[in-house]
Structure formats: structure tokens, C-alpha cells
Amino acid sequence: MVTATLPDLNTLTLDALKALIVAQHERLLTREREVEHLKLLIARLQRMQFGRKSEKLARQIEQLELRLEELQSEPGEDSSPEAKPSVLINKDTASTKPARHPLPGHLPRQTRRHEPKESACPDCGGVLRKLGEDVSEMLEYVPASFFVIRHVRPKLSCSHCERIVQAAAPSRPIERGVAGPGFLAHVLTSKYADHLPLYRQSEIYARQGVDLERSTLADWVGSTSQLLTPLVDALGRYVMATSKLHADDTPVPVLAPGNGKTKTGRLWTYVRDDRPAGDTAAPAVWFAYSPDRKGEHPERHLREFRGTLQADAYAGFNQLYVNGRIQEAACWAHVRRKFYDLQQAHASPVASRTRRRRFAMRSDYGKRWCATATTVVWRSTIMPRSALCERLLSVARTIYLPGRTPEATEQLRSIA
Numbered sequence: 083m084v085t086a087t088l089p090d091l092n093t094l095t096l097d098a099l100k101a102l103i104v105a106q107h108e109r110l111l112t113r114e115r116e117v118e119h120l121k122l123l124i125a126r127l128q129r130m131q132f133g134r135k136s137e138k139l140a141r142q143i144e145q146l147e148l149r150l151e152e153l154q155s156e157p158g159e160d161s162s163p164e165a166k167p168s169v170l171i172n173k174d175t176a177s178t179k180p181a182r183h184p185l186p187g188h189l190p191r192q193t194r195r196h197e198p199k200e201s202a203c204p205d206c207g208g209v210l211r212k213l214g215e216d217v218s219e220m221l222e223y224v225p226a227s228f229f230v231i232r233h234v235r236p237k238l239s240c241s242h243c244e245r246i247v248q249a250a251a252p253s254r255p256i257e258r259g260v261a262g263p264g265f266l267a268h269v270l271t272s273k274y275a276d277h278l279p280l281y282r283q284s285e286i287y288a289r290q291g292v293d294l295e296r297s298t299l300a301d302w303v304g305s306t307s308q309l310l311t312p313l314v315d316a317l318g319r320y321v322m323a324t325s326k327l328h329a330d331d332t333p334v335p336v337l338a339p340g341n342g343k344t345k346t347g348r349l350w351t352y353v354r355d356d357r358p359a360g361d362t363a364a365p366a367v368w369f370a371y372s373p374d375r376k377g378e379h380p381e382r383h384l385r386e387f388r389g390t391l392q393a394d395a396y397a398g399f400n401q402l403y404v405n406g407r408i409q410e411a412a413c414w415a416h417v418r419r420k421f422y423d424l425q426q427a428h429a430s431p432v433a434s435r436t437r438r439r440r441f442a443m444r445s446d447y448g449k450r451w452c453a454t455a456t457t458v459v460w461r462s463t464i465m466p467r468s469a470l471c472e473r474l475l476s477v478a479r480t481i482y483l484p485g486r487t488p489e490a491t492e493q494l495r496s497i498a
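So this is what it looks like as C-alpha cells:
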């Protein structure tokens, strides 16, 4: 650590003493800001390591506690010496029991009639006539079952020239494979939509007397993926043929061949959905996988896209905005997280009130947020006139104005 030697104050002039005091004061302010910044980072890292994973848990706990208070207060309102325990139990049960909805009308119905055993009146022996009927329905399930399709192709030969004719063999989804298209669709749906691993599917099929190894199912999944490549490519072209796109990425564990461990891959998600703005085009999502999170992957995915990209502050997206082919629609949720960190670290009522206003979650609140941010930033007693506050205020004043400047975009990217 480098320590500055204090000069002899007796030899300094009055102006030199004033300059020395100003310099020391600036150093103290710089140290105080650095200390506050480091405290904020430490609190943030402690929450990441030891705290709850999501901010939503706090709101959910508050709602559950409120609901618990309501449930605890209900028996007290109805309690009286004449009240019977059975009545209270029935009341609570009736209030919490979900309403029964009618069974879906598209399901096929099997009618089973239950005729009375009596053919005549059991009292006087008179003739019985139909008065009405009671109808009740019960939902039933037929377990899925395997069946085998036998393709028979007769051979016919000419009695004169011995020419042999035979129908061509029907095509199969997988060459020389025994799985039909319906079964392959079931395997893929179970694996990706129902999150049922292949080894569990193998066990389920074995209970029905069909032995299918996990390696066989894996080969079928790979071969079927190749069959679906044209459909995936068409979906990607449709998603990219829009003027506004949502993009994000998420880590996925991937098996590392050879060592029995997993590595972290990336699943890139691109969403086309402009229905809130009145667009009638069908929404769609396109997924792309990459073994890492390098910025070259979104550049390759979006090489044909032109328009507005709504994404987070991941640095890999920055190169896309350089030439102006893609315009950035920055994520206001990242600005909200700054106020969340302040509220958690310093219990700031201003930051807490700002988070509750949800200014950063919807674009139609943007102009209202500009005025709110101006008040919040300059009235903050926790970090008055800090660099973060000044950047937030500058962005709030310019981000929703027509013809947003590159400086405002850069400021937003730096705080997100």
C-alpha cells in the first residue's frame, strides 16, 4: 500500500493549505463511495450464496402468511357455545373444496344402462311405466398398448413368361427400423414434453413385455431429429421474418462423453410474439444449442435478422448493435434489480416503493417511469447524487423520447 507523506504545514501558504484540504476531502468522498459500493457487492454476493434464489419467494411468503391469518381468523368468528365441531369441519371442507367441472364433451361416451330388477310394482304388482332417469358420468382411462402392423406383399408370377410382380415396400421413418411413426412421436413427446428419460421409458415398456434397450431408444431419437431438421429450419425462418424479436439463453447440463460427468451447454431461445402490439401473426419460438456462451453464436443465429432485439445485458449481444442493422430494446428488469440491491442492502424505503411500482416491467409504463425515476433518484437519502443515480436519471429522460441517441443506449447497457 502506497502512503502519501504529509508535507510540513508550517511551510505552506494559505492557498496551498486550502488546496490540500480540498484534495483530502475528495479522497475521503471517493473512499466512502467505494466502501458503499463494496458493501453493496458483498450483500449481493451473500444473497446469491446463502439467500433465496428468487425475489418472488418473499412475495409468495407474504401472500401465504396473509392467507394463513385469514384461515386462522375464520374459526374465531363462528365459534360459539352452541356450535358443533362437525359443522365447523364441514364448513371448512366446503370452502376449500374445488368446484367440480363437467367432463370434456369431446371424449367418447360408453353408455351402460342399469335396469331395475323388478318387472312389476313390488307393492301391488302393477305395471311399471318410465318416469325419468338419473345420469352420472365417471372418467375412465384405457392404458396405452402396443400392437404390431404386419406388411404383407404377395408375389405374383406370370404363368407364361414367369415374370414376377410385387408391390413396393412401404417407407419407414428409420431405415430398417421397427418403430412406427406413432411410437417414435410418443418417445419424443415423453422425453422432451413430459421429461421422462429414456431409461425410465425402457422400464415402462418392459412391464408390457417389450424389451427396448436405452441405446436403441437413443438411436431412434437421433434419427428422428434428423427427420425433423427441415421442419426446424422452416420454423427458424418464420421466427426471424419479423421486425421485433425476443432473445435469451439458459444453461443446460450436458453429458460429457468419456468421463461420466456433465458440462454446461447453452440453449438459445428466440421468440416471435407481438400480439400485445396488435399483431395477428402466430407466435413461435425457435431453440438453438451451443456448447458454450460465446458471442459468436447469437451473431450466427441472427445473421439474417433485421429489426429490434429485446434482450438482457449479455455482452455477447453488443456486437449485434454496432452497424445499426439490429436495434436494442434493453431490459428494464435489470434496472429494477439495482433498486432491489439497494433495498436489500440498506432497507431503503424509496427503493422499496420504486420496486412496488413495477416501473421496469412494461413498456407502456415507460413515460410514467421517467417522472418516477427523476423523483426517486434525486430524493434518495441512501446514495445521494451517486454515479449510478446520475446514469439512471439520464437514461430515464432520454430512453422513451423519439430518436433515442446512441449515448442513451450505451448508458442503459452499462447499468443493466
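Position in the sequence shown (first residue = 1) + 82 = this note's numbering. Beta carbons are placed, not taken as given, at the ideal position from N, Cα and C, and that holds for glycine.
Just mark residue i as buried or exposed, buried being the case when its beta carbon has 16 or more other beta carbons within 10 Å.
i           : result
residue 387 : buried
residue 276 : exposed
residue 426 : buried
residue 112 : exposed
residue 103 : exposed
residue 417 : buried
residue 413 : buried
residue 324 : buried
residue 420 : buried
residue 160 : Here the model assigns residue 160 a pLDDT of 48, short of 50, so the residue's position is not dependable, and the following value carries that caveat. Exposed, by the Cβ-count rule.
Thinking just about the alpha-carbon of each residue, which of the options is nearest to the one in residue i?
i           : options               : result
residue 402 : 421, 380, 422 and 418 : 380
residue 299 : 315, 289, 282 and 290 : 282
residue 230 : 117, 263 and 425      : 263
residue 348 : 377, 408 and 301      : 377
residue 183 : 219, 193 and 206      : 219
residue 265 : 226, 288, 239 and 243 : 226
residue 222 : 410, 249, 193 and 89  : 193
residue 318 : 385, 292 and 332      : 385
residue 302 : 121, 280, 232 and 428 : 280
residue 106 : 339, 87, 357 and 124  : 87
residue 397 : 323, 375 and 324      : 375
residue 394 : 331, 89 and 117       : 331
residue 358 : 370, 326 and 372      : 326
residue 372 : 208, 351 and 98       : 351
residue 333 : 339, 370, 306 and 363 : 370
residue 390 : 408, 119, 399 and 400 : 408
residue 195 : 217, 180, 204 and 189 : 217
residue 198 : 206, 215, 186 and 189 : 215
residue 125 : 114, 428, 286 and 315 : 428
residue 224 : 108, 190 and 96       : 190
Rounded C-beta distance between residue i and residue j? I'm assuming under 8 Å.
i           : j           : result
residue 368 : residue 336 : Residue 368 to residue 336, Cβ: 19 Å. No contact.
residue 411 : residue 392 : 4 Å
residue 353 : residue 328 : 4 Å
residue 423 : residue 122 : 6 Å
residue 210 : residue 202 : 6 Å
residue 99  : residue 91  : 7 Å
residue 75  : residue 306 : It is not possible to answer for residue 75, since the shown part of the chain is limited to 83 through 498.
In its own chain, which residues sit with a C-beta less than 7 Å from the C-beta of residue i, not counting the 5 before and 5 after it?
i           : result
residue 284 : 294, 295, 296 and 299
residue 304 : none
residue 287 : 294
residue 247 : 238
Excluding sequence positions up to five away, which residues of its chain have a Cβ less than 8 Å from the Cβ of residue i?
i           : result
residue 290 : 227 and 228
residue 208 : 202
So, for residue i: in the same chain, excluding its five sequence neighbours on each side, which residues have a beta-carbon less than 6 Å away from its beta-carbon?
i           : result
residue 249 : 235
residue 187 : none
residue 292 : 228
residue 363 : none
Does the contact criterion of 3 or more C-beta pairs under 8 Å hold for the segment 337-352 versus the segment 299-316?
These segments do not touch.
Using a Cβ distance threshold of 8 Å, determine whether the segment 270-284 contacts the segment 249-260, with at least three qualifying pairs required.
In the pairwise beta carbon analysis, the segment 270-284 is classified as not touching the segment 249-260: fewer than three pairs are separated by under 8 Å.
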